[in-house]
Amino acid sequence: MKRKMFSKLMALLMAGAMTLSSAPVTAQAAYAREVTEDSIIADENAEDAAAGEGDMIDLTEDKENVGETGLIDFSEEEETVGETDSTDLIQTEAAVGEKGEDGLTEIAASEEEALVEEMLGDGIDGSYYALVNIPYAEFYASEGDDDVDAVSSSTKVKPRATNLAGGSYHVSETGEDITGITYPVKLSSEYLFDLAMMVNSGEITVITDEDSKSYTIRLRGQEVPVTLTGKEVLFESPSYSIYILDEEPVSYKEATLENGKFVFGPASGNVNTVEGASASQITYFARHADVEIKLDGISVDDGANVSGVVVTDEDGNQYALRHIVNLWRNTEIGFNFDDAKLGALIGKTITNIRYYLSNGKITDYPVEISLKPYLLMNIPYGEFYAAEGDDAVDAVSSSTKAKPRATNLSGGSYHVSEAGDDISGVVYPVKVGADGLSALKAMKNEGTLAVITDNASKEYTITLRGKETVVTLTGKEVLFESPTYSFYVLGEEPASYKELTVDESGAFAFDKATGEADTVEGLTGNVKLNARHANVEITLNGVEIPEAGEGEDPIYVSGVVVTDENGSLYALRHVAELWRNTQIGWNYDDARLGALTGTTITNIRYYLNNGRITDYPCEIAYKIAKYNESASNPALIQADDQTAEQLATYLGAIETVTINGTEYNNKETPVIVTADVKDENGNVTVSAGTIDLNVESDGKKIFDGGEYELTVKAVAHDDYTFKLVAPTITMGGDQEIAIDRLEADQIGLTTDGNPAYLRAVKVDGEALTVPSDYEAMGPEDNLSVLFTKEFQKTLKIGEHEIEVVYANGTDTTKLTVKDTNVAVTGVKLNKTSAKLLKGKTLQLKATVTPADATDKTVTWKSSNSAVAAVDKNGKVTAKKTGSAKITVTTKDGKKTAVCTVTVYERIPVYRFYNRKTGDHMYTISEAERKALSKAGWKAEGIACHVPKSSSKPVYRLYNKSNGDHMFTISTAERKAMISAGWVYEGIGFYSDSEKTVPMYRLYNPNARSGYHFFTGSKKERDALIKAGWKDEKIGFYGN
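Take 9 as the starting number for the sequence shown in the working numbering and just add one per residue.
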């Protein structure tokens, strides 16, 4: 129909064009104006006039087809037409007019007018439509990307395969490139003559339904025949080849001719929008391209090909795709990292994909495809820790050759050598941009790193403690024994990551790990000195390493950074300073960590291989003991701020004791002896360092009565100096000795008598009994008599006469006992009430009044030890939910004080955000948490903690129309919302009855969904109010 009319008209124009080929330019130019119904015949006359009788072109190429007039006879027989299949010449005798005066055959003006009228009068405003081969750059220039070249192909096969490159075209039959796109074009009739000239000169090829082409290509080792017919021939035809369409397509580009060149405008027509498209799979470092994206939800009409695709990013930038190199199988797209244009998509989110089909249909597919690649990468220790505060960390050399290859000992690290010579660094999530990806690709091609996939596996055998152990690594675990910078592509954004940058020299740098660290209180550490693995070994209590669920990858410790009291940071390495996740240590002579010895550790930060970062505030110190100032039983005992474990560590670290300037090795001359202190049940509660007053050096007593200054030196502890007075009572004179009946320290006396001659010791004439009343000891001429505590308690206040009876005489002295007791008047606790999380502890402190009370002894008791237990030192341990009263009672006066302890449990409420709807979701369900993450919701961490149960349920409702969720503690609001069509989903969680942490509720009056938002942050609340949200006060309470 239209195609046939176009062919007829082109035949007329071409005939005119051939006649005009020798005419003046002005005459040809006169012809190149708008072709209308009234102008065709006029143009014929102008052509005749311009040509003249003597300038006619002889068209008689075939004598057999020449009529009597000497001109071509256009008869009905097809043979007279020749082989010009693309031009349907007039084939009826009715089309042959009378011979004119100039000898030319005249075409009846009425027929030409009818032809034009039929073609243009009922056409589309003097226009016609064609499929045109448009070079990529000219097609995409008006679609948002003006920098697109042809596709060079080394295979020379794929460009000629219609199933791979359909919708495109290529000029060369060798398949060297893909030149551009075949797409519908609207052409104005004013350019018909120009087209005829271009067809005549061979600049444009007209494809008709009669055209066909066949060839054979070789794909994957098989010969594949390709047959092109009709408009399909455009697939392997020159640029600007055209095929005339019978009908107006749904969309098209409008073309103009400027200086003999086509200029194509933007595609016009309706653009369909189809929701629901997504990326079913994103593969980095893939086989076909560095980034390959498989799309779901894309529809391509039967019989149509994909002519072009334009991708839009979050910033509105547009990127054109080309067949084979960026687009294949219609729904798979991709690009290389180093692509000058498309490489910029790395780090961005694709928000729309526009498809141009060969039938003119244009469809927008709104999407949210994040191209922010996160890798689990092998990072050398020095490069990992440089941004974390310690820039002097080397690899770990290992002499065992086995520990570096044992995942239970060094999981979270990696090693390059299969010999197990060292541990090279850590395995941690990394965010990478286009530059970094290009650098990694180059290293991959050089073979200096490995790209680990889920299909990777490795197995080897190591010998630990004489036993052979088989180690099997699968998937990302293979990083454990892979080269530096090897990586595994993660499927989603990790909780935290380092960002990789590449400088001009190609060197890598890793920024500080992103994201806020969780904080977990309650960490303690047991310190051992001169231990088996290291000089200083600390076993940490309270570190939380999540266990991987069934089918999940193991979770390991990638790194640990220790902070001391001065704010200095110290990085730890696997096996050397970190083992079994919760044990750390170092040697005194370590150039880096040796400085930690003797300081207080105030924080320990853990980096896990899943990106989680946790801070553990603590106070792990090398505390020294204190001197008890007891004259009769001198000892180093537990200091007020010291734990029993710290005292034991201190006593074990004592090396020397200097007494009045003379230094003694405490191991060779044990001045301070560790002795266990037991409670009433015989259980050891703490060790004390008893000072042996009878210790000798070179056969002589060190303590021989009088005052002594002692300085104790212990490894990793400060020196401790105190004064000791050896207890003596000089015989011969009256003495006043104050005895505190409540403490009843052991009192002694010395004489110059010989113990061998001792017969009795009398008090007020009464002979004492050995050993219940006293002990006698000492060398010749230096008798010591020590009264037992039990006996001292029997002495009455007042003056007593003491007799020491020897075989050769009696020594006497007087002892005056005074009552120095100061009575207790009261006791207070540092807390009268406290809330305590189950499993946590609270140290209560009792203050006895007056401050100089003689006996400050107190006892502790819990009204419900099953809920909250208390030890003899007032340390409360939360056991289970409930309430208990902790009572402290003074021994003197039975004064009491009470602290009410409420034990509670809490669970986290996780917050998620839906980027598409703006809705926020709050859940305590681990299963729902995983499902939301899988569904594309963004995890925003823990919104708050709530009790497991309370009297205040938080109701959860769902709006089917917009996907919004709502949480309320109001039963009235719940009923109103149900009446309004909301679906009641039950109790989401419980509000804290104690109203500990307010969760603010805000309302967005401008939102389509996600109207309500809950936050415990005043800062976030105020920012939202400032942004236009309405403050709805407190929604519920966390704890």
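Backbone N, C-alpha and C fix where the C-beta goes; we use that ideal spot for every residue, glycine too.
By the 10 Å Cβ neighbour count, where 16 or more other Cβ atoms means buried, how is Ser933 classified, buried or exposed?
-> The sequence position of residue 933 within the sequence shown is 925, counting from 1. Exposed is the call here.
Would you call the CB atoms of Leu1053 and Ala696 closer than 9 Å?
-> The requested residue 1053 does not occur in the structure, where the chain is confined to residues 9 to 1047.
For Arg362, which beta-bridge partners are listed by DSSP?
-> In the sequence shown, the residue the question calls residue 362 occupies position 354. Answer by DSSP bridge pairing, in chain order: Val318, Asp372.
What separation, rounded to the nearest whole angstrom, lies between the Cα atoms of Arg600 and Glu396?
-> Position 592 of the sequence shown, counted from the start, is the residue given in the question as residue 600. Position 388 of the sequence shown, counted from the start, is the residue given in the question as residue 396. Computed Cα separation, rounded: 15 Å.
Extent of the continuous alpha helix (DSSP H) to which Gln800 belongs = For the purposes of this step, residue 800 is identified with residue 792 of the sequence shown, where counting begins at 1. Unbroken alpha helix (DSSP H) run through Gln800: 797-800.
Write down every uninterrupted run of the alpha helix (DSSP H) in the region 967-1046 whose length is 4 residues or greater and which is fully enclosed by it, in chain order.
-> 979-987, 1026-1034
Can you find at least 3 beta carbon pairs, one from the region 352-361 and one from the region 260-271, that sit closer than 8 Å?
-> no
For Gln800, count neighbouring Cβ atoms within 10 angstroms of its own Cβ and tell me buried if that reaches 16, exposed if not.
-> As a first step, residue 800 is located in the sequence shown; it is residue number 792 there, counting from the start. So Gln800 counts as buried.
Measure the C-alpha to C-alpha separation of Lys1038 and Ala1031 and round it to an integer number of angstroms.
-> As a position in the sequence shown, residue 1038 is number 1030, starting the count at 1. As a position in the sequence shown, residue 1031 is number 1023, starting the count at 1. Their Cα atoms are separated by approximately 11 Å.
Rank Ser446, Trp868, Gly428 by C-alpha distance to the C-alpha of Asp346 and give the top, closest one.
-> Stepping through the sequence shown from its first residue, residue 346 is reached at position 338. Measuring from the Cα of Asp346, the nearest candidate turns out to be Ser446.
Residue of Tyr918, Ala935, Gly971 minimising C-alpha distance to Val954 = Looking up residue 954 in the sequence shown gives position 946. Residue Tyr918 is the option with its Cα nearest to Val954.
Nearest-angstrom Cα distance between Glu948 and His928?
-> Counted from its first residue, the sequence shown places residue 948 at position 940. Counted from its first residue, the sequence shown places residue 928 at position 920. Using only the alpha carbons, I get a separation of about 10 Å.
DSSP-derived helix/strand/coil call for Glu552 = The residue labelled residue 552 in the question sits at position 544 within the sequence shown. Correct three-state label for Glu552: coil.
According to DSSP, which residues form a beta bridge with Leu616?
-> By one-based count along the sequence shown, residue 616 stands at place 608. Val565, per the DSSP bridge assignment.
Could you give the distance in angstroms between the alpha-carbon of Tyr223 and the alpha-carbon of Tyr248?
-> Counting from 1 along the sequence shown, the entry for residue 223 is found at position 215. Counting from 1 along the sequence shown, the entry for residue 248 is found at position 240. About 22 Å.
Are there 16 or more other CB atoms within 10 angstroms of the CB of Thr818, so buried, or fewer, so exposed?
-> In the sequence shown, counting from the first residue as 1, residue 818 sits at position 810. Exposed.
At least three beta-carbon pairs within less than 8 Å, the region 964-982 to the region 940-947 = no
Since Thr622 and Ala683 are thought to touch, with beta carbons under 8 Å apart, how far apart are those beta carbons, to the nearest angstrom?
-> For the purposes of this step, residue 622 is taken as the residue at position 614 of the sequence shown. For the purposes of this step, residue 683 is taken as the residue at position 675 of the sequence shown. Actually they are not in contact, since the Cβ atoms of Thr622 and Ala683 sit about 40 Å apart, beyond 8 Å.
Residues sharing a beta bridge with Pro437, DSSP = Your numbering for residue 437 matches position 429 in the sequence shown. In DSSP, Pro437 forms a bridge with Leu384.
When we look at the beta-carbon of Asp727 and count the other beta-carbons within 10 Å, is it buried (16 or more) or exposed?
-> Mapped onto the sequence shown, residue 727 falls at position 719. Result: exposed.
Along the chain, which unbroken stretches of the beta strand (DSSP E) at least 3 residues long are found entirely within the region 247-315?
-> 250-253, 260-266, 269-276, 279-281, 286-292, 299-304
Looking only at its own chain, which residues have a Cβ that is under 6 Å from the Cβ of Val401, when we skip the five neighbours before and after it?
-> For the purposes of this step, residue 401 is identified with residue 393 of the sequence shown, where counting begins at 1. Around Val401: Tyr389, Gly390, Tyr393, Ala579.
From Val279, Lys520, Tyr596, pick the residue whose C-alpha is nearest to that of Arg362; which is it?
-> As a working mapping, residue 362 is identified with position 354 in the sequence shown. For Arg362, the nearest C-alpha among the options comes from Val279.
Using DSSP with H/G/I as helix, E/B as strand and the rest coil, what is Lys411?
-> Taking the first residue of the sequence shown as 1, we reach residue 411 at position 403. Reduced to three states, the DSSP call for Lys411 is helix.
Member of Val165, Ser176, Ala149 whose CA lies at the smallest distance from the CA of Thr182 | For the purposes of this step, residue 182 is taken as the residue at position 174 of the sequence shown. It is Val165.
What are the boundary residues of the alpha helix (DSSP H) that Ala661 is part of?
-> Stepping through the sequence shown from its first residue, residue 661 is reached at position 653. Run containing Ala661: 652-661, per the alpha helix (DSSP H) assignment.
Three-state secondary structure (DSSP) at Pro625?
-> Stepping through the sequence shown from its first residue, residue 625 is reached at position 617. Note: Pro625 maps to strand in three-state DSSP.
Given Lys960, which residues of its chain have a CB within under 8 Å of its CB, disregarding the five upstream and five downstream residues?
-> Within the sequence shown, residue 960 is the residue found at index 952, counting from 1. If we look at Lys960 and ignore the five residues flanking it on each side, its Cβ neighbours are Ile977, Tyr998, Ser999, Asp1000, Ser1001, Phe1044, Tyr1045.
Going by DSSP, which residues form a beta bridge with Asp430?
-> Against the sequence shown, residue 430 aligns to sequence position 422. Its beta-bridge partners are Ser405.
Tell me which same chain residues have a C-beta within less than 8 Å of the C-beta of Asp130, skipping the five on either side of it?
-> By one-based count along the sequence shown, residue 130 stands at place 122. Confidence in Asp130 is poor, its pLDDT being 43 and thus under 50, which makes the residue's placement too unreliable to answer from.
Under a Cβ-count criterion, where at least 16 other Cβ atoms within 10 Å of its own Cβ denotes burial, should Lys1041 be classed as buried or exposed?
-> What you label residue 1041 is simply residue 1033 of the sequence shown in a count that begins at 1. Under this definition Lys1041 is an exposed residue.
By how many angstroms is the C-alpha of Thr796 removed from the C-alpha of Glu811?
-> The residue given as residue 811 occupies position 803 in the sequence shown. The residue given as residue 796 occupies position 788 in the sequence shown. Their Cα atoms are separated by approximately 16 Å.
CA nearest to the CA of Ala348, picked from Leu508, Lys466, Asp443 | Taking the sequence shown and counting its residues from 1, one reaches residue 348 at position 340. Nearest of Leu508, Lys466, Asp443 to Ala348, Cα basis: Asp443.
Got a sec? Which residues, its chain only, sit under 8 Å from Ile1033 by beta carbon, not counting five neighbours each side?
-> The residue given as residue 1033 occupies position 1025 in the sequence shown. The residues are Leu1010, Asp1039.
DSSP puts Thr849 in a beta bridge; with which residues?
-> One-based indexing of the sequence shown puts residue 849 at position 841. Bridge partners of Thr849: Thr885.
CA-to-CA distance, Ala1035 to Glu1028, given in whole angstroms | The sequence position of residue 1028 within the sequence shown is 1020, counting from 1. The sequence position of residue 1035 within the sequence shown is 1027, counting from 1. The alpha-carbon atoms of Glu1028 and Ala1035 are separated by roughly 11 Å.
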